[in-house]
Each structure stands twice: as structure tokens, then as C-alpha cells.
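Protein sequences appear in the order of chains Z and B. Residues 1 to 212, numbered by my numbering, are exactly what the first sequence covers, in order. Residues 1001 to 1212, numbered by my numbering, are exactly what the second sequence covers, in order. For reference, the structure is listed below as C-alpha cells.
Protein chains: 2
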Amino acid sequence: MDCAIRVFAQRGYSAASVDEIAELAGVSKPLVYLYLESKEGLFLACLHREEGRLVAAFQNAATEVGTSELRLWAGLRAFFGFVSDHKDSWAVLHRQAPGLGDAMAAEITRARRAVLTEVRTLVREGIELGGGSGHLGDADADFVAHALVGAADSLTDWMERYPEESPDRVTLRLMGMVWVGMRQILGGEVWTPPGGLEGGAFEGGTGVAGAA
Amino acid sequence: MDCAIRVFAQRGYSAASVDEIAELAGVSKPLVYLYLESKEGLFLACLHREEGRLVAAFQNAATEVGTSELRLWAGLRAFFGFVSDHKDSWAVLHRQAPGLGDAMAAEITRARRAVLTEVRTLVREGIELGGGSGHLGDADADFVAHALVGAADSLTDWMERYPEESPDRVTLRLMGMVWVGMRQILGGEVWTPPGGLEGGAFEGGTGVAGAA
DNA sequence: GAGTAAGTTTACCGGTGAGTAAGTTACTCG
DNA sequence: CGAGTAACTTACTCACCGGTAAACTTACTC
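Printed below as a string of C-alpha cells:
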């Protein structure tokens, strides 16, 4: 199954061949079909296992002692560490090309949602502890969670260009980039386009940017 | 070619069939092979066209008048608008599963780099204009650019869950989330884990988080 | 040491899809 | 009108891949 994840991550679901996976694993193809029903079953098994691992790593880090903000940091750190050194797992979870059949598409969005839920929960906790005047709703926490996960994903590419950066340092950078601003925003500060040109389209709402 | 982009985006490169593209376009397969040499050629043509469009939209918005920060905002807004309502283009540019053969892999990373370069340039300008004590290097601007692009990518998913949010509002949210913090950071504020536990591994460097 | 159950492989089938050869239509020009 | 040709299609080949039937190996029982 490790081999399967490697191949799926490298080639993508549809370009991956069961023959190649089986050969890499040192067994023959029918064995794969014996244990896991089909190529789809094989993929789903990989998906579930890696989803579980990632969520476990996240929860494990985040349930350590500490304030809510600290737990968010620990969770993100774990998330980042996982993504960074289980690149194949992450590729299976999050970088599969779309259109893999309905059953699988549903399952993969479910898995992604599970990951996002973990992040979102901590984000919300962290924000609410942050106090200030801002009251953030589900949509806002979800927004931040999406942004963080997407950034983390993209930053794994960045890390390949700067190999001397550890996942921990990258987490720090990211927290610095995002969280310092969150404090301000919760305190009432709002970013608006300097000069206020074209301001007409943007007022209203209860979002992060509008949380004053 | 519009059809090709739609199919490539929907199915991914390897699962997309030239037959399907041709049929959707109302022509027959050999025509495709007449104009564009192969499936790979077809894909590369799509890639180049959409890369050009995105970069053009970005540059167009960013070369309007205004301060550097305003231009960054306009550029991101254009970028975000493009990604949000040319989802297929973006999927071709940025969501293709890996392992499409060496030539194509090289070309796709080149295209992504071109996009990132645009963002990075504006980020650097915006940051340097921001003044303060921070001096950010290439790696830092690159970091922010990666984070922004990744966040924008992921936020297209978020937008599907909250359809009442316009790309402009999402851009505002994102700018608010990131840029308010950047001001602080350039002013010398640094995020550190509250309580300072496990501080040993993180000091040093010249990154965003360490730009004090 | 025959019988048997579990585990594994070889050798195949059927379908699909990239790429192509040969033919057809329709239009131009002498 | 008919040769030439540009534009396009039908109908095919060939390779690859998901999936499977049947045979083979091993190990253990009686």
C-alpha cells in the first residue's frame, strides 16, 4: 500500500497502473484484486489510511496542553510537518486531478473536508480566544482554514526551492504572516484599498475583513 | 480549444480522451492531430494560452496607476477574479496531477513559475514600499507569493460553499488577513509561540517571521 | 503420502484510447 | 468540365490496462 501511494502520487490516479503498483510492491496483480476489490478500492484504502494519519497527527499535536492559540500553532506545525515529509500522502489526499468517478469524488471531498474541519476548529478556537471586538462566524473560520491549508500546500513547493527551511520555520513564517494580522483585525483594524478608490462594491457583511 | 480546456480540467490530463474533446468541439479526431501534433501538443497549447491570459490579466490590472500596495491589491484582485471565473483554465494551469512526462512537467512548472513571478514582483514592491525596519529578500517575497497563490487556489473551493461572496470581497478578506499582519511585521512585530515553549529550534534567519 | 486449504501466479479477455491511412467532400482554376 | 487541392472524416491498427479464470505452489492434516 505504501507503493500504491507512491505511484498514485507520482502519476495521478488514472495514469497509475495496477501492474506497476503490484510490481513495485513485489507481488502480482491478482493479489491486489484479492485483498482490495478493484483499483478504486485500492485508491480508497490509500485515501482512508492517509486521511486518518493526517487527522491523527493533527489532533495529537493539538490536544496537547496550552492555550488555544498555542494549540493552533501546534496543530498547524503538525499539519505542516506531515504535509512536508509525507508528500505522497498529501498528493493522494489533495492533489488528485478531478473527475475520478462519482463515488471516489465524493469520498475525496469528504476526506478533504475532514482535514479542513480539524483546521477550522482550531482556527475558531484560536480566534475566539483572541478576544477583541471581532466575532467570527463559521464562514470566517472556514475562510481562514481554507487559506491556511491552501497556503501550506503551495508552500511545500516553496520548501523544495529552499531546502534549508525546516517545516517548523515555515510554520512560524506562516503563523507570523497570518496571525499577527488576525490580532489586529480582531482588534478592529480593517484593510481597505489605500485611497478608497472603487470602494462601492465592498462594504457590508460580517467577514474577517469586515469584522470591525 | 475551449473544449479541450474544459475536458482537461474536468478529467485531468491522462483521463481526458482526445475523442471526447474532438466530439465536444464538433470535429473529428484527426483534425486535432493535424493542427496540434499530439495529445501532448494539444495540452501544451492550452497551457500556454491560459498562462498568457492569466499573466496578462494580472499585469494589466497591476500596471494601473496607484501606489505599490494598491497595485498589489489590484493585481491580486485580477488574479482572484480570473481564477474564480476561469476555473477550468486554472485547473489546467495548477491542478494537473503530476507525472505527465518530462517535457510536460517541465513546461507546467515553467508556467506556474511565470504566474508566481508576477505575484512575487508585486509582493516585493508592496513590501518595500511598506517601509518599516524589515528588509525582505527574494526568499521572503517568494514565500508570500506562494502562500497567496495557494490560498487563492484553495479559496476557490471555499467560494463554492459561499456563492454570495464575490471575488472582490474574497480578495479583500485575503488582503485583510495577510496585509494587516505584514504591516506589523515590517514594523518589527514578530509572532512567537505564546509562552515560548520549545523555542530552541526557531530563532535566527532573516525570514518574514524573523524580520524584526 | 494422499488430501486439502490458503495463497500466489501465469496467461488470458475485453475494452478503451492514441495515433494513422485511405477516402470523401467541396471548392479553385485552367 | 475535369485536374488539382484543401479540409475533413471514416474506419482502422496497435498497445496498454483493468479485471479474471485456471493452474500451480506451499504447508499443514490425518
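Glycine included, C-beta positions come from ideal geometry on N, C-alpha and C. Quantities reported herein were computed from a predicted structural model and do not represent experimental measurements.
- When C-alpha distances from B:A1145 are compared across B:L1076, B:E1164, B:S1166, the shortest belongs to B:L1076.
- Under a 10 Å Cβ-count criterion, Z:S84 is classified as buried, with 16 or more other Cβ atoms of the shown protein chains found around its own Cβ.
- For Z:T63, there is no enclosing alpha helix (DSSP H), as DSSP marks it with neither H nor E.
- Looking only at Z:L172, Z:C46, Z:S28, the smallest Cα-Cα distance to Z:V7 is reached by Z:C46.
- Three or more beta-carbon pairs separated by less than 8 Å are not found between the stretch 97-111 of chain Z and the stretch 153-162 of chain Z, which leaves the two stretches without contact.
- The alpha helix (DSSP H) runs of length 4 or more contained entirely in the stretch 74-159 of chain Z are, from start to end of the chain, 87-94, 102-129.
- Counting other Cβ atoms within 10 Å of its Cβ, B:E1037 stays below 16 and is therefore classed as exposed.
- When the beta-carbon positions are compared, B:V1180 and Z:I185 come within less than 8 Å of each other.
- Among the residues of chain B, those whose CB is under 8 Å from the CB of Z:V149 are S1154, following chain order.
- Exclusion of the five residues before and after B:A1078 leaves A1057, F1058, A1061 as the residues of its chain whose Cβ lies within less than 6 Å of its Cβ.
- No residue range can be given for B:P1163, since it is assigned to no alpha helix (DSSP H) and is classified by DSSP as neither H nor E.
- B:G1012 carries a coil assignment under DSSP once its states are collapsed to helix, strand and coil.
- Z:V190 belongs to the set of residues whose beta carbon lies under 8 Å from a beta carbon in chain B.
- Just so you know, the alpha carbons of B:G1188 and Z:M175 end up roughly 15 Å apart.
- Residue-level contact check: Z:L174 touches chain B, since one or more beta carbons of chain B fall below 8 Å from its beta carbon.
- Annotated as distal: Z:S17 and B:S1014, with beta-carbon spacing of 8 Å or more.
- Less than 8 Å divides the Cβ of Z:R120 from the Cβ of Z:D142.
- In this structure, the beta-carbon distance from Z:G66 to Z:A74 falls below 8 Å.
- A distance below 7 Å between beta-carbons, with the five flanking residues on each side excluded, links Z:A114 to the following residues of its chain, in chain order: E51, V55.
- Your pair Z:A22 and Z:L31 checks out as a contact, with CB atoms roughly 7 Å apart and the cut at 8 Å.
- Our two residues, Z:H86 and Z:A25, have alpha carbons roughly 18 Å apart in a direct line.
- By the C-beta density criterion, B:A1103 is exposed, having fewer than 16 other C-beta atoms within 10 angstroms.
- Where Z:E23 is concerned, the enclosing alpha helix (DSSP H) starts and stops at 18-25.
- Scanning its chain for C-beta atoms nearer than 6 Å, with the 5 sequence neighbours on each side dropped, one finds no residue around Z:S166.
- Taking C-alpha positions only, B:L1042 is separated from Z:L122 by approximately 44 Å.
- Burial state of Z:G99 is buried, judged by a 10 Å Cβ sphere holding 16 or more other Cβ atoms.
- The beta-carbon of B:A1106 is placed no less than 8 Å from the nearest beta-carbon of chain Z.
- The C-beta of B:P1163 comes no closer than 8 Å to any C-beta of chain Z.
- At a beta-carbon threshold of 7 Å, the residues of chain Z lying near B:G1099 are Q10, R11, G12, A15, ordered along the chain.
- At a cut-off of 8 Å, the C-beta of Z:R95 has a neighbouring C-beta in chain B.
- In the DSSP annotation of this structure, Z:M1 is not part of any alpha helix (DSSP H), being labelled neither H nor E.
- Ranking Z:L70, Z:T63, Z:A151 by CA distance to the CA of Z:H94 puts Z:A151 first.
- If you check the CB distance, B:S1028 and Z:D153 do not come in under 8 Å.
- The continuous alpha helix (DSSP H) containing Z:T171 extends over residues 167-186.
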